[in-house]
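S.K.: In the UniProt record's numbering, the protein residues as written are 1 to 431.
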Ligand SMILES: [Zn+2]
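(1) Please name the residue in 107, 87 and 102 whose C-alpha comes closest to that of residue 118.
(2) For residue 146, is the classification buried or exposed, using 16 other Cβ atoms within 10 angstroms of its Cβ as the cut-off for buried?
(3) Is residue 343 close to ligand 1? I mean its beta-carbon at under 7 Å from any heavy atom of the ligand.
(4) Anyone know if the C-beta pair for residue 364 and residue 394 falls short of 8 Å?
(5) Run the proximity test for residue 395: is its beta-carbon closer than 7 Å to any non-hydrogen atom belonging to ligand 1?
(6) Contact check, residue 211 vs residue 256 under 8 Å by CB: the rounded distance?
(7) Would you mind sorting residue 183 into buried or exposed? The rule is 16 or more other CB atoms within 10 Å of its CB.
(8) Label residue 11 either buried or exposed according to how many other C-beta atoms from any shown protein chain fall within 10 Å of its C-beta, with 16 as the threshold for buried.
(9) Going by beta-carbon coordinates alone, are residue 284 and residue 307 separated by less than 8 Å?
(10) Any heavy atom of ligand 1 closer than 7 Å to the beta-carbon of residue 321?
(11) Rounded to a whole number of angstroms, what is the C-alpha to C-alpha distance between residue 415 and residue 409?
(12) So residue 326 is in the beta strand (DSSP E); what residue range does that whole segment cover?
(13) Taking the runs of the alpha helix (DSSP H) that are 4 residues or longer, which of them lie wholly in the region 229-308?
(14) From residue 20 to residue 401, what distance separates their C-alpha atoms?
(15) Excluding the 5 residues flanking residue 299 on each side, which residues of the same chain have their C-beta closer than 8 Å to its C-beta?
(16) Which residues in the same chain have their Cβ closer than 7 Å to the Cβ of residue 419, if we skip the five residues on either side of it in sequence?
(17) Ignore the nearest five residues each way along the sequence and tell me which others in residue 132's own chain have a CB closer than 7 Å to its CB.
(18) Would you report the Cα separation of residue 72 and residue 6, rounded to the nearest angstrom?
(19) Compare the C-alpha of residue 244 against each of 260, 48 and 150 and name the closest.
(20) Roughly how many whole angstroms lie between the Cα atoms of residue 17 and residue 134?
(21) Classify residue 448: buried if its beta carbon has 16 or more other beta carbons within 10 angstroms, exposed otherwise.
(22) When DSSP labels each residue in this structure, what does residue 122 get in the three-state scheme?
(23) CB residue 194 to CB residue 185, shorter than 8 Å?
(24) Do the CB positions of residue 241 and residue 229 come within less than 8 Å of each other?
(25) Taking all protein chains shown into account, decide if residue 58 is buried (16 or more other Cβ within 10 angstroms of its Cβ) or exposed.
(26) Just grab the DSSP bridge partners of residue 220 for me.
(27) With 16 as the cutoff for other CB atoms within 10 Å, does residue 173 come out buried or exposed?
(28) Between the C-alpha atoms of residue 268 and residue 79, what's the straight-line distance to the nearest angstrom?
(29) Distance, Cα to Cα, residue 214 vs residue 274?
(30) Work out the CA separation of residue 246 and residue 413 for me, nearest whole Å.
(31) At which residues does the alpha helix (DSSP H) containing residue 51 begin and terminate?
(32) In the DSSP assignment, find the unbroken beta strand (DSSP E) run with residue 7 in it and report its ends.
(33) My understanding is that residue 302 touches residue 216, with C-beta atoms under 8 Å, so please give their C-beta distance in whole angstroms.
(34) Could you check whether residue 165 and residue 149 sit closer than 8 Å to each other, using their CB atoms as the reference points?
(35) Take residue 31 and list the residues in its own chain whose beta-carbon comes closer than 6 Å to its own, dropping the five residues that flank it on each side.
(36) For a test of your reading of the model: does the CB of residue 308 fall under 7 Å from any non-hydrogen atom of ligand 1? Yes or no.
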């Protein structure tokens, strides 16, 4: 059904499209609009072209690339990453079948999937299967006119899946990579660049300190960094870590950063000064226009960041938009608030867009003044879809623990059987 193509120039076909077209689709694959129909056709052509050009394993790489350069007019970096991306999707049968039904993934998204996958240990077929299933689920539309996840969203989700597999499938509990990081300063012309590679959670803490200190003292962030490092100032930060308390082995989630390992989240929770049950705040109403921090934490936990399509602004820059204006009686409660960056907050305040929030899933139907609309899924860990995903992770962790337990029991039984009978001297006399 998804592959029927309708001619948008014909009124009859437009009506047919409404009757026969798919009911669940990403807006980029909408069969009802000219631009999305054309876009889908381009992606399909592009996908089929690359698939038809995949070399055989024994072909000479340099010859293949030289030929592609001539035919495609692109450089080696572009061409080799495209080939790898297409080899990768061929190793993911579910995702490939989905793509061949919808042609929703463009080459850039396929390349991003391959880039993240190349960091995972996919030699294990079980691991590859789980990734294939979960990524395909993530990239399957569940409603009409849904916004396709961005490249960044896909990278984050795939990373989270891979990370959760380390926790739940691999029996190797050692840290996944060298945690030491690196520190480097380079000087170029009249500028210098400090490059530090470190654990993302630690980086987040530094980022928060610098930004908070700069804001409080009305100085630039560079000045704030200098003063903090020189020990001329101090600041306190509150790092919100979200973690499902009712799911064993649940990963943590940090705004702007995404999911973190369950073990790391457990450590942070152990050090936390305040542990808050978010469910208790869902219905909290403040009697002020300003949103208190705890209600803001619920809204960010539901939505992640600015809810406008493909707005990847920092979550700490988002303002709390009263969906129904405070002056018109809209309460300051999570259900009536949406995070918006200053730009998109203005668009909403001007009336150029409006949105309706599904109270159950927290998905948003954004309505534009020209009558078009799009469904934007909630991305935060408190949203229904993410909660479901965390449960599947929890189930995997549980299965793994049970498997390890039963394997060790079997091992013990086997050891008992193979143990030599106790020496005759040890047998107590029967009296
Ligand atoms: Zn925005």
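Even for Gly, the Cβ is constructed at its ideal location relative to N, Cα and C.
M.R.: Taking the definition as stated:
(1) To locate residue 118, count along the chain shown from 1; it is residue 118. Selected option, being the one with the closest Cα: 87.
(2) Residue 146 sits at position 146 when you count from the first residue of the chain shown. It counts as buried.
(3) Locating residue 343 in the chain shown gives position 343, where the first residue counts as 1. Yes, ligand 1 has a heavy atom inside 7 Å of this Cβ.
(4) The count along the chain shown starts at 1 and reaches residue 364 at position 364. The count along the chain shown starts at 1 and reaches residue 394 at position 394. Taking 8 Å as the Cβ cut-off, residue 364 and residue 394 do not qualify as a contacting pair.
(5) As a first step, residue 395 must be located in the chain shown, where it is residue number 395. Not so, every heavy atom of ligand 1 lies at least 7 Å from the Cβ.
(6) Here residue 211 is taken as the residue at index 211 of the chain shown, counted from 1. Here residue 256 is taken as the residue at index 256 of the chain shown, counted from 1. In fact, because the Cβ distance is near 11 Å, the residues do not count as touching under 8 Å.
(7) For the purposes of this step, residue 183 is taken as residue 183 along the chain shown, with counting starting at 1. Classification for residue 183: exposed.
(8) For this step, residue 11 is matched to residue 11 along the chain shown. With fewer than 16 other Cβ atoms within 10 Å, it is exposed.
(9) Locating residue 284 in the chain shown gives position 284, counting from the first residue. Locating residue 307 in the chain shown gives position 307, counting from the first residue. It is not a contact, given that the beta carbons lie outside the stated cut-off.
(10) Residue numbering aside, residue 321 sits at position 321 when the chain shown is read from its first letter. For ligand 1, not one heavy atom lies less than 7 Å from the Cβ of residue 321.
(11) The count along the chain shown starts at 1 and reaches residue 415 at position 415. The count along the chain shown starts at 1 and reaches residue 409 at position 409. Answer to the nearest angstrom: the Cα atoms are 10 Å apart.
(12) Here the question's residue 326 lines up with position 326 in the chain shown. First-last for residue 326: undefined, no H or E at that position.
(13) 262-271 and 293-303
(14) The count along the chain shown starts at 1 and reaches residue 20 at position 20. The count along the chain shown starts at 1 and reaches residue 401 at position 401. Approximately 47 Å between the Cα atoms of the pair.
(15) On the chain shown, position 299 is the one that residue 299 refers to. 291, 320, 334, 337, 338 and 339.
(16) Start at 1 with the first residue of the chain shown, and residue 419 comes out as number 419. Closer than 7 Å at the Cβ level, and outside the excluded window around residue 419, lies no residue.
(17) Within the chain shown, the letter at position 132 stands for residue 132. Here the set comprises 92, 93, 94 and 95.
(18) Within the chain shown, residue 72 is the residue found at index 72, counting from 1. Within the chain shown, residue 6 is the residue found at index 6, counting from 1. Looking at the two C-alpha atoms, the distance is approximately 30 Å.
(19) Position 244 of the chain shown, counting from 1, holds the residue named residue 244. For the options 260, 48 and 150, the alpha carbon positioned closest to that of residue 244 is the one of 260.
(20) Position 17 of the chain shown holds residue 17. Position 134 of the chain shown holds residue 134. So the alpha carbons of these two residues sit roughly 30 Å apart.
(21) Nothing can be reported for residue 448, as the shown portion of the chain is limited to 1 through 431.
(22) Here residue 122 refers to the residue found at position 122 of the chain shown. Residue state, collapsed to three classes: coil.
(23) Taking the chain shown and counting its residues from 1, one reaches residue 194 at position 194. Taking the chain shown and counting its residues from 1, one reaches residue 185 at position 185. Going by C-beta atoms, residue 194 is nearer than 8 Å to residue 185.
(24) For the purposes of this step, residue 241 is taken as the residue at position 241 of the chain shown. For the purposes of this step, residue 229 is taken as the residue at position 229 of the chain shown. Result no, Cβ atoms of residue 241 and residue 229 do not sit closer than 8 Å.
(25) In the chain shown, residue 58 corresponds to position 58, counting from 1. Its Cβ having fewer than 16 others within 10 Å, residue 58 is exposed.
(26) The residue you call residue 220 lines up with position 220 of the chain shown. Beta-bridge partners assigned by DSSP to residue 220: none are found.
(27) The residue given as residue 173 occupies position 173 in the chain shown. Unreliable placement is indicated for residue 173, whose pLDDT of 49 sits below 50; the coordinate value is still reported in the next sentence. By the Cβ neighbour-count rule, residue 173 is exposed, with fewer than 16 other Cβ atoms within 10 Å of its own.
(28) Counting from one through the chain shown, the residue named residue 268 turns up at place 268. Counting from one through the chain shown, the residue named residue 79 turns up at place 79. Rounded to whole angstroms, residue 268 to residue 79 spans 43 Å at the Cα level.
(29) Working through the chain shown from its first residue, we reach residue 214 at position 214. Working through the chain shown from its first residue, we reach residue 274 at position 274. Using only the alpha carbons, I get a separation of about 25 Å.
(30) On the chain shown, residue 413 is found 413 positions in, with the first residue counted as 1. On the chain shown, residue 246 is found 246 positions in, with the first residue counted as 1. Approximately 33 Å, taken between the alpha carbons.
(31) Residue 51 sits at position 51 when you count from the first residue of the chain shown. The continuous alpha helix (DSSP H) containing residue 51 extends over residues 34-53.
(32) Taking the first residue of the chain shown as 1, we reach residue 7 at position 7. No beta strand (DSSP E) contains residue 7, which DSSP labels as neither H nor E.
(33) The residue you call residue 302 lines up with position 302 of the chain shown. The residue you call residue 216 lines up with position 216 of the chain shown. In fact, because the Cβ distance is near 28 Å, the residues do not count as touching under 8 Å.
(34) Taking the chain shown and counting its residues from 1, one reaches residue 149 at position 149. Taking the chain shown and counting its residues from 1, one reaches residue 165 at position 165. Cβ distance not < 8 Å, so residue 149 and residue 165 don't count as in contact.
(35) Start at 1 with the first residue of the chain shown, and residue 31 comes out as number 31. Closer than 6 Å at the Cβ level, and outside the excluded window around residue 31, lie 6, 17 and 21.
(36) As a working note, residue 308 is residue 308 in the chain shown. Yes, since a heavy atom of ligand 1 falls inside the 7 Å radius drawn around the Cβ of residue 308.
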